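Trainee:
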Amino acid sequence: MDYTKFPIVEVSVALSSKKIKTTCITDFLQVRPSKERGVEDWPDSIKENSNLPEQMKPRNEWVWSIEYERCTNIDDALKNLIAIFSSKNINIC
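Numbering that gives the first Met the number 0 applies: residue 0 is where the sequence shown begins, and numbers increase by one.
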């Protein structure tokens with residue numbers, strides 16, 4: 000079987016908030032993110048643009064991702080994601 004023809008699949012969980020800092024999300028979930036960006040990390044041209052619609056304004060972003068090479072079944076990729084976050088049944092307020 001030629002595994003080089005199978006795709007690389009990436010699964011992600013992303014949280015975005017204007018008020019909750021990424022460090023708070025990490026502390027609550029006890030999961031280190033793959034990527035995070037705080038409001039202060041956005042370019043000044045975006046932070047200072049008052050004409051942007053609300054959904055495009057800077058916010059704190061927390062992302063956990065994992066890639067699966069030679070993935071033959073998306074269920075395999077999702078099982079790991081579900082296992083990591085299924086015990087994290089808490090409300091982030």
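Where a beta carbon is used, it is the ideal one built from N, C-alpha and C, also for glycine. None of the values given here were measured: they were computed from a predicted structure.
For C119, collect the residues of the same chain with a Cβ closer than 8 Å to its Cβ; drop the 5 residues on either side in sequence, then sort them by chain order.
Mentor: Nothing about residue 119 can be read from this structure; the chain reaches only from 0 to 92.
Trainee: Considering only residues of the segment 11-40, which uninterrupted alpha helix (DSSP H) runs meet the minimum length of 4 residues and lie entirely inside it, listed in chain order?
Mentor: Within the segment 11-40, the complete alpha helix (DSSP H) runs of at least 4 residues are 21-28.
Trainee: Using only CA atoms, which one of I24, S16, V30 lies nearest to N59?
Mentor: Position 60 of the sequence shown holds residue 59. Residue S16 is the option with its Cα nearest to N59.
Trainee: What distance in whole Å lies between the Cβ atoms of T21 and E35, which are believed to be in contact at a cut-off of 8 Å?
Mentor: For the purposes of this step, residue 35 is taken as the residue at position 36 of the sequence shown. For the purposes of this step, residue 21 is taken as the residue at position 22 of the sequence shown. Yes, they are in contact, since the Cβ atoms of E35 and T21 sit about 4 Å apart, within 8 Å.
Trainee: Compare the Cα-Cα distances from I24 to each of V62, E68, K78, I73 and report the closest residue.
Mentor: Here the question's residue 24 lines up with position 25 in the sequence shown. It is V62 whose Cα lies nearest to the Cα of I24.
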